[in-house]
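Counting from 21, one number per residue, gives the positions in the sequence shown under the numbering used here.
Okay, structure first, notes after.
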Amino acid sequence: HRDTEYSQLMQPFSQWFPPPPSPTFVKLAPIALAQQLYATLSLLLAGEATSVHVLPVLIDYVLADVENSVLINALHVIFALIQSSSRLRQALVDKRPTTFSRIMRGTEPLHRPPVEHFETTTKIVDIPALKTKCVNALTRVLKHHVHQPSVLEYGLATVSLWASLSLQSLEPILPILQDILLSPKASSEVQVQTLMLLMDLLRTEAYFQIWARQKQLVPLVLLKSPQKLTVLHSSVHLTLLKFIDFIIMTYGLTGATTIVSHEPNTTSVVSPIITLVEQGILAINNDDIDTETKLIHQELIRTGFQLLSAFEQYVELRCQVSEPKQLAVLYFILNYIEFAHPRDAMTALALRSVLQTPPQVNYVAVVDVHDPTGTIADEEALVYYNNAEKILERFGCSTKYSLYTCDDCRDAYKYWVCAVKFQRCGGSNLKATAVCPSVDGDCNPFRTRTCLSICEDVIRKCPYVLKFDCPSEETEYFSSDISICNRLDRTQNPDNPSLDWPGTFAS
């Protein structure tokens, strides 16, 4: 009966043994290693060895110069051995610091620290040395097979299982995981595995600090690069969002700052999140997409919205969404959440309220009685801005028309639109929470006129195709007196930063 069990156990190992020498000889495993495996398994069947003794021999297979099929099988058996053997898991798991009793008997403490070794009638296994050897072997597998998904699937699975037991000495794996994510041959399954393993490792603050100091945070590189993001599978998109959410939820402001300040910081990490959520909304309404993919997109929408809410908590979301097109998409997402996810409707309404106040409008503004929240005025301002954007696109911003660029023009036009649509309320006794009742004549005594320079700045910075014009003198709505006119949050003269923003550029 024991011989039968022996043959069954040996079957998975049979292909590792070297074949007879031939001209097409393929290196599978050294004979000495195969003999050692036979001997260890024999002791295992005789009850004189355990899975703890089998693991070092399997690790030797991983360290040997064997072809990928043998390596994959070795990793497979190591994974199964660790997963199925409670004895082995108990030996490998990180031990908590031992506390000593102050009650002494003679010169010996009552509780002695456990000795980290495993002893049978055959030999003693040095557990710390075994763990070091295993980590080195698994690190070597990942490092030498960055561009081989077939090996990585088993290697990453084994490392993930190992990390659930022991997080010691896994620092060298961090940069390797980054290389795997950037590999052009990485499959979507491998990319998801890699991101999940990276999250497991970054739960340890020391590893997070090491990761955050790297020049490139590859998950963010993938997310902020349109070319890379487009070719990724939806499952990878979802895992990327989960990764960002994990960093922010685990490390709070520190995590959010790490994400937002990532180089190159010219691209906001919020923009691709908005894009992915929009794609998810469109996908779940597409009848041509299979059910499994729709489920992925549904989870992506929820995760993406949670992220947007988190960014508003730690950093100002409005500052991360500067382009009107992105802002319009964000409103589209909030509308969808309000109707499709009732539990998140209040959060969506709160985000909408925050976004509807332009950052330049940090004052009490005149509103219509039919638009008490300023929503209609905000939508009209967006229409004006989009019309100007279309004109600039037809003009072709690659053409140099002055010292200024189209970006300067957009910025100046944005200030003008905000000043016109959100006129400032005046009056020395006006409280910060007050709102002018309407835009009719009754409110005129309390209306602060806009600085003429806000209008003139558009003429200075925009190409002639905008056909923009400003009044040449003071009117009911414009003034050149800087002491009484509304300049929004403009403070410095763009021509001479040492001077204040002027009431007019004509003087």
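Yeah, the Cβ is synthetic: ideal placement off N, Cα and C, and Gly gets one too.
Inter-residue CB distance, residue i and residue j (contact presumed, cutoff 8 Å)
{"i": "L371", "j": "L327", "result": "In fact, because the Cβ distance is near 12 Å, the residues do not count as touching under 8 Å."}
{"i": "T468", "j": "C445", "result": "7 Å"}
{"i": "L190", "j": "L260", "result": "That belief does not hold up - the Cβ atoms of L190 and L260 are roughly 22 Å apart, past 8 Å."}
{"i": "A401", "j": "V349", "result": "Contact flag wrong, Cβ pair sits at about 17 Å."}
{"i": "V97", "j": "L78", "result": "6 Å"}
{"i": "V155", "j": "D199", "result": "Actually they are not in contact, since the Cβ atoms of V155 and D199 sit about 18 Å apart, beyond 8 Å."}
{"i": "G517", "j": "S473", "result": "Strictly speaking, residue 517 in this sequence is Pro, with Gly absent from that position. Incorrect: roughly 15 Å between the Cβ atoms, too far for contact."}
{"i": "V72", "j": "L108", "result": "6 Å"}
{"i": "I92", "j": "Y174", "result": "5 Å"}
{"i": "Y334", "j": "I268", "result": "7 Å"}
{"i": "L201", "j": "P239", "result": "7 Å"}
{"i": "S500", "j": "T524", "result": "4 Å"}
{"i": "I193", "j": "L221", "result": "7 Å"}
{"i": "L197", "j": "L217", "result": "6 Å"}
{"i": "K481", "j": "A526", "result": "16 Å between Cβ atoms; not a contact."}
{"i": "L369", "j": "E358", "result": "7 Å"}
{"i": "L185", "j": "L112", "result": "5 Å"}
{"i": "L243", "j": "P195", "result": "In fact, because the Cβ distance is near 19 Å, the residues do not count as touching under 8 Å."}
{"i": "D80", "j": "L53", "result": "6 Å"}
{"i": "N88", "j": "V171", "result": "6 Å"}
For residue i, the first and last residue of its enclosing alpha helix (DSSP H)
{"i": "L162", "result": "I147 to H164"}
{"i": "N88", "result": "N88 to S104"}
{"i": "G300", "result": "V290 to I304"}
{"i": "A52", "result": "I51 to L65"}
{"i": "R430", "result": "C426 to K441"}
{"i": "E209", "result": "S208 to L222"}
{"i": "V74", "result": "S71 to L83"}
{"i": "I193", "result": "I193 to L202"}
{"i": "L486", "result": "No alpha helix (DSSP H) holds L486; DSSP gives it neither H nor E."}
{"i": "V542", "result": "Beyond the ends of the chain as shown, which are 21 and 527, falls residue 542; an answer cannot be given."}
{"i": "Y421", "result": "Per DSSP, Y421 belongs to no alpha helix (DSSP H) and is neither H nor E."}
{"i": "I230", "result": "E225 to A232"}
Per-residue DSSP class, three states only, for residue i
{"i": "F415", "result": "helix"}
{"i": "N407", "result": "helix"}
{"i": "T323", "result": "helix"}
{"i": "N355", "result": "helix"}
{"i": "A385", "result": "strand"}
{"i": "R372", "result": "helix"}
{"i": "F498", "result": "strand"}
{"i": "A526", "result": "coil"}
{"i": "I144", "result": "strand"}
{"i": "T395", "result": "helix"}
{"i": "M366", "result": "helix"}
Bridge partner(s) assigned by DSSP for residue i
{"i": "D520", "result": "Q512"}
{"i": "T468", "result": "R444"}
Residue i CB to nearest heavy atom of the ligand COA below 7 Å
{"i": "A397", "result": "Of ligands this structure carries none, so the ligand COA is not represented either."}
Minimum Cβ-Cβ distance from residue i to chain D less than 8 Å
{"i": "T495", "result": "In the structure shown, chain D cannot be found, because there is only a single protein chain."}
Let me know the beta strand (DSSP E) ranges lying completely inside the segment 236-263, each 3 residues or longer, listed in chain order. none
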